[in-house]
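Listed in order, the protein sequences are those of chains X and A. Going by our numbering, the first sequence opens with residue 12, and the numbers climb by one from there. Going by our numbering, the second sequence opens with residue 626, and the numbers climb by one from there.
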Amino acid sequence: MATSAHPAAELPEAMISTLTPAGDWVIVLPLVLALMGAALLLMTRHAKNYHAGIAMVIVGAIIACDGVLLAHVLQNGPVSMTMGKWLPPFGISFTADIFGAGFALIAAMVTMLLLVYSQSERHADFGLDGYYALILLLLAGVTGSFLTGDLFNLYVWFEVMLISSFGLIVNGGKAIQLDGALKYAFLNFLATTFFLLALGLIYGLLGTLNMADIIGAAPHANSAAMVGVATLMLLAFGMKAAAFPLNAWLPASYHTPPAVVSALFAGLLTKVGIYALLRVLVLLLPDSRDTLEPVLVVIAVLTLVISPLGAIAETNLRRAMGFIVMGGIGVILAGIALPSQNGVAGSGVYIVHSMMVMTALYLVAGLVEKVTGQTDSRQMGGVYAANSVVSALFLLLVLAAAGVPPFLGFWPKLLLLQAGMDAASGTTAGMPPDYYGIAIIVALLLNAFFTLIAGTRLWAHIFWRAGVEGENSEHSLAPVEPLGRRDSRLALWPCVVLVAAIMIVGLAPNYLLDAAQRGARDLIDPARYVAAVGLAGNSP
Amino acid sequence: MEYMIAALAGLFFVFGIYFLLSRSLIRMLLGVVVLGNGVNLLIFTAGRLMRAIAPIVPDGLDQPETQIANPLPQALILTAIVIGFAMFSFLLVLAYRSYQSLDADNTDNMRVAEPRNGPQPP
């Protein structure tokens with residue numbers, strides 16, 4: 012019943028009256044499973060012996076859902092589901108496109124391997140209280156960030172991810188962990204506060220927070236104000252992703268928790284930050300991104316060049332890895348700075364690569380630390396003699412991280428170099444000035460070169476040198492313990508599986524590259540994305 | 626009215642950022658709270674302030690009879706307040722615990738994870 016002043020007939024439909032098709036539930040199932048699983052683990056905290064098994068079953072189910080979702084998205088284009096019976100601009104939408112669904116799948120797979128690996132660390136000082144529940148909550152936050160179609164919902168998933176990562180980083184409560192956690196917590200909380208600030212401004216300017224709706228509304232808003240909002244987003248997500256001037260928290264904190272937790276962080280958390288930046292700048296606010304292009308190029312170049320230099324200057328093994336992770340963020344930023352189709356596809360493939368390689372690097376670093384009992388590479392040596400498999404894995408991962416041809420890391424860099432060449436020769440439609448492309452090309456090559464120096468030097472010191480650093484290093488042999496049977500079974504094989512996956516995908520990248528190109532096309536031309544949400548009428 | 630509230634939010638940001646630039650943990654915590662409240666105030670202002678009635682649709686009607694206050698920013702702020710409160714309580718406990726274990730309130734003296742005078746690069 013409407014009043015006569017406002018006849019109901021003129022109002023558009025605001026409620027969904029049909030049932031959601033059963034197949035579409037697969038968008039929210041990964042989140043439901045992860046959150047319910049975490050709740051179940053917290054409720055059954057007295058039955059700790061079963062926690063690992065329950066967590067693995069749940070993550071396995073999440074992998075299955077993500078796989079079905081990705082197959083669906085690859086076949087039919089982006090899919091969307093809106094909560095609470097409201098139609099899209101009003102209800103909270105979950106919208107999965109190729110990038111989101113693909114990254115969610117890889118994240119769940121990496122988490123599965125980490126769960127297996129963490130079985131080898133179950134000794135007395137490894138705080139198991141709530142550990143599996145926190146990992147599932149973290150996975151929920153990461154998956155939610157990848158799949159959501161609403162900016163405020165993205166903020167909520169960021170906070171879910173953040174609070175569970177806080178729990179994981181202090182789990183164990185050593186002084187070094189508290190020190191790292193303090194810096195991590197303050198800066199990341201500040202970053203999400205800035206994100207919330209940008210959200211408030213977007214709502215004030217556009218009156219909507221639904222991503223597909225923003226795509227339609229942003230071009231009509233005050234462009235100067237939108238650039239300001241985009242700058243705040245760049246600040247917030249740059250801080251989360253550890254892009255150059257805001258990166259100090261990452262090498263200060265990522266080496267403090269147990270190796271498996273830092274592997275989880277390195278693989279998933281910074282990637283979510285950079286993915287959000289990709290989504291906001293390339294999909295939602297492309298006009299503001301064009302204005303910010305000089306800033307993005309400068310940040311990408313500095314991140315690319317300075318991060319691996321930090322790795323060269325560092326002797327603590329896992330801190331050096333932190334700098335290599337940051338170098339990877341620079342590569343992804345290069346794709347955001349050059350948003351041709353090749354550039355965005357390169358960023359997407361590199362996020363996949365980075366999730367797998369950085370996780371594996373930290374896991375192998377954990378193995379090295381376990382074998383040598385040290386965290387500083389100067390106190391390590393002769394590991395090759397004790398464990399040749401670990402040394403081979405480490406070397407392969409270093410080559411993969413640097414992007415040496417037969418590995419997965421080569422292909423995204425090739426795409427980005429192509430995008431840089433296109434920009435430099437001015438063949439793209441955007442026609443940025445020539446030197447941006449050239450600067451990115453030079454920085455990408457320098458990044459590969461420096462990463463190779465840092466990684467191979469670490470390899471030579473840890474594995475090749477006969478003993479620890481010192482005068483008699485030629486003669487003394489470090490007390491290296493070979494891995495026990497339990498360790499080799501539970502800790503080594505997740506690393507082997509990851510490295511094998513990196514090599515296989517690197518040798519046969521066609522499928523991945525094709526999917527990334529299609530995903531990039533959807534990001535640059537959001538017509539299909541907007542249509543999937545059901546707001547096709549409002550698109551510009 | 627909106628301009629005054631916006632200026633107040635700006636003032637909150639000024640004090641929040643000033644406190645966050647300090648090296649003392651307690652001041653940083655205060656900065657986090659003040660900054661968070663500034664952001665909440667900003668969202669509230671972004672939803673446009675007006676003297677209007679509560680956003681409740683009377684029985685038997687499909688839409689409200691007169692202008693109503695915008696309910697969405699209030700929902701956003703409620704979520705943000707709850708999250709901010711949880712985060713702040715975690716930070717508070719973390720700061721206290723690290724004060725106990727690291728015996729430092731000044732972040733410059735917290736050097737367990739990043740030792741002072743670290744080794745020279747080889």
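Glycine included, C-beta positions come from ideal geometry on N, C-alpha and C.
At a CB-CB cut-off below 8 Å, which residues of chain A make contact with residue i?
i	result
ILE187 of chain X	VAL737 and ALA738
THR383 of chain X	Result: empty, since nearest Cβ-Cβ is about 16 Å, beyond 8 Å.
SER264 of chain X	ALA738
What distance in whole Å lies between the Cβ atoms of residue j and residue i, which are believed to be in contact at a cut-off of 8 Å?
i	j	result
LEU524 of chain X	TRP422 of chain X	6 Å
GLY338 of chain X	LEU315 of chain X	6 Å
ALA241 of chain X	SER299 of chain X	4 Å
LEU404 of chain X	VAL375 of chain X	5 Å
VAL360 of chain X	ALA118 of chain X	Actually they are not in contact, since the Cβ atoms of VAL360 of chain X and ALA118 of chain X sit about 15 Å apart, beyond 8 Å.
VAL631 of chain A	ILE668 of chain A	The amino acid at residue 631 of chain A is misidentified as Val; the sequence shows Ala. No, ALA631 of chain A and ILE668 of chain A are not in contact; Cβ-Cβ is about 12 Å, not under 8 Å.
VAL39 of chain X	PHE105 of chain X	6 Å
ALA356 of chain X	ALA531 of chain X	4 Å
GLY672 of chain A	TYR214 of chain X	7 Å
ASP498 of chain X	LYS381 of chain X	7 Å
LEU419 of chain X	HIS472 of chain X	In fact, because the Cβ distance is near 26 Å, the residues do not count as touching under 8 Å.
With 8 Å as the threshold, decide whether the Cβ of residue i is near any Cβ in chain A.
i	result
ARG389 of chain X	yes
LEU546 of chain X	no
GLU380 of chain X	no
ILE323 of chain X	yes
LEU149 of chain X	no
THR552 of chain X	Here chain X has residues from 12 to 551 only, and residue 552 of chain X is not among them.
THR14 of chain X	For THR14 of chain X, the predicted model reports a pLDDT of 39, less than 50, meaning its position is unreliable and no value from the coordinates is stated.
GLY191 of chain X	yes
GLY138 of chain X	Confidence at GLY138 of chain X is low in this model, with a pLDDT of 48, below 50, so its placement is unreliable and no value can be given for it.
THR267 of chain X	yes
VAL308 of chain X	no
Since residue i meets chain X, which of its residues come closer than 8 Å, beta carbon to beta carbon?
i	result
ILE681 of chain A	What ILE681 of chain A touches in chain X: nothing, since even the nearest Cβ is about 15 Å away.
VAL657 of chain A	PHE197, PHE200, LEU201 and THR204
VAL664 of chain A	THR204, LEU207, LEU208 and GLY211
ILE672 of chain A	A quick correction: the sequence has Gly, not Ile, at residue 672 of chain A. In chain order: TYR214 and GLY215.
MET653 of chain A	PHE197
Give me, in chain order, the residues of the same chain whose beta-carbon lies closer than 6 Å to that of residue i; leave out the 5 immediate sequence neighbours on both sides.
i	result
VAL401 of chain X	LEU378
ASP136 of chain X	Residue confidence is low: ASP136 of chain X scores 48 on pLDDT, short of 50, so the model does not pin down where it sits. No coordinate-derived value is stated.
ILE103 of chain X	MET94, ASP161 and ASN164
PHE177 of chain X	ALA196
GLY138 of chain X	Residue placement at GLY138 of chain X is flagged as unreliable, the pLDDT there being 48, under the threshold of 50; the coordinate-derived value follows with that caveat. Correct list, in chain order: ASN182 and GLY183.
GLY384 of chain X	none
ALA236 of chain X	LEU216
PRO689 of chain A	VAL682
So is residue i in contact with chain X if we call contact Cβ pairs under 8 Å?
i	result
ILE708 of chain A	yes
THR704 of chain A	yes
PHE715 of chain A	yes
PRO746 of chain A	yes
GLY661 of chain A	yes
LEU645 of chain A	yes
LEU667 of chain A	yes
ALA632 of chain A	no
PRO696 of chain A	no
Run through DSSP, which three-state label would residue i get?
i	result
MET653 of chain A	helix
ILE103 of chain X	coil
ILE681 of chain A	coil
ASP161 of chain X	strand
SER647 of chain A	coil
SER358 of chain X	helix
SER91 of chain X	strand
ASP140 of chain X	coil
ASN662 of chain A	helix
ASP433 of chain X	helix
ASP728 of chain A	coil
ASP733 of chain A	helix
ASN60 of chain X	helix
Keeping to the same chain, check which residues put their C-beta closer than 7 Å to that of residue i; ignore five residues upstream and five downstream.
i	result
PRO100 of chain X	THR219, ASN221, ASP224 and LEU546
ALA72 of chain X	LEU44
LEU633 of chain A	LEU666
LEU189 of chain X	VAL181
Apart from the five residues on each side of it in sequence, which residues of its chain come closer than 8 Å, Cβ to Cβ, to residue i?
i	result
LEU126 of chain X	ALA63, ALA66, MET67, VAL70, TYR143 and ILE146
ILE642 of chain A	GLY656 and LEU660
State yes or no: is the beta carbon of residue i nearer than 8 Å to at least one beta carbon in chain D?
i	result
LEU701 of chain A	Absent from the structure: chain D. Protein chains present are X and A.
List, in order along the chain, the chain A residues whose C-beta lies closer than 9 Å to that of residue i?
i	result
PHE177 of chain X	MET712, PHE715, LEU716 and LEU719
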